[in-house]
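Take a look at the structure set out below.
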Amino acid sequence: MLSIDRSIIDAIVAHARRDHPDEACGVVAGPAGSDTPTRHIPMDNAARSMTFYEFDSMEQLRVWREMDDRDEEPVVIYHSHTATEAYPSRTDVSFAGEPGAHYLLVSTREPDTEEIRSFRIVDGVVTEEPVEIVDAAVDPHAVQSYMFGQSPATVDYECSDR
Numbered sequence: 246m247l248s249i250d251r252s253i254i255d256a257i258v259a260h261a262r263r264d265h266p267d268e269a270c271g272v273v274a275g276p277a278g279s280d281t282p283t284r285h286i287p288m289d290n291a292a293r294s295m296t297f298y299e300f301d302s303m304e305q306l307r308v309w310r311e312m313d314d315r316d317e318e319p320v321v322i323y324h325s326h327t328a329t330e331a332y333p334s335r336t337d338v339s340f341a342g343e344p345g346a347h348y349l350l351v352s353t354r355e356p357d358t359e360e361i362r363s364f365r366i367v368d369g370v371v372t373e374e375p376v377e378i379v380d381a382a383v384d385p386h387a388v389q390s391y392m393f394g395q396s397p398a399t400v401d402y403e404c405s406d407r
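Per this note's numbering, residue 246 is the first one in the sequence shown, and the count goes up by one each step.
Structure, rendered in structure tokens:
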């Protein structure tokens, strides 16, 4: 399962929408061995294509060296599909070179909805996995209260003095 912060997902979706109609791509780095994505790194699609993405080789070298220097690894490798579902293409599978990474796909084919899916791709085998979106700004142990379908009107209760 991929567990990822809401702010990172929001940044990935914004990147995908911004680069549409071209595919967007990037990495989310995290501490080596942790499987925890913590640092969003949007990258340029060197192919500038609506149907294909390719990291710029110099940018990729710089980003991978930076991750090495920070004792990080690519926890998530993401890209968008602009006209199809969020599922790896044959090309995506053939270029998947990080067997420990989560491959996150975002479809931007519908302007008002988000389709986000994650996969493990190892030796050409694609396995979909659940995505858990967490909100790091909220204490997971705190009690949350929501008002669905309620109006914000004030309710005045009369209390007697006894």
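Beta carbons: idealized from backbone N, C-alpha and C, even for Gly.
Because the structure is a prediction, the values reported are computed rather than measured.
- Scanning its chain for C-beta atoms nearer than 7 Å, with the 5 sequence neighbours on each side dropped, one finds around R262 the residues T353, in chain order.
- Counting along the chain, D255 sits inside the alpha helix (DSSP H) bounded by residues 251-264.
- For T336, the secondary structure class from DSSP, reduced to helix, strand or coil, is helix.
- Assignment of E355 by DSSP, reduced to helix, strand and coil, places it in the coil class.
- Boundaries of the beta strand (DSSP E) harbouring M288: 284-288, taken from the DSSP string.
- Judged by beta-carbon spacing, I366 lies within the 8 Å limit of A341, meaning their Cβ atoms are closer than that value.
- Put simply, the region 343-358 touches the region 259-273. At least three CB pairs are less than 8 Å apart.
- Membership of S363 in the beta strand (DSSP E) is indicated by the continuous run 360-367.
- Straight through space, the alpha carbons of S363 and V371 are spaced by roughly 10 Å.
- The DSSP-derived three-state label of S302 is helix.
- One alpha carbon belongs to G278, the other to D316, and they sit about 9 Å apart.
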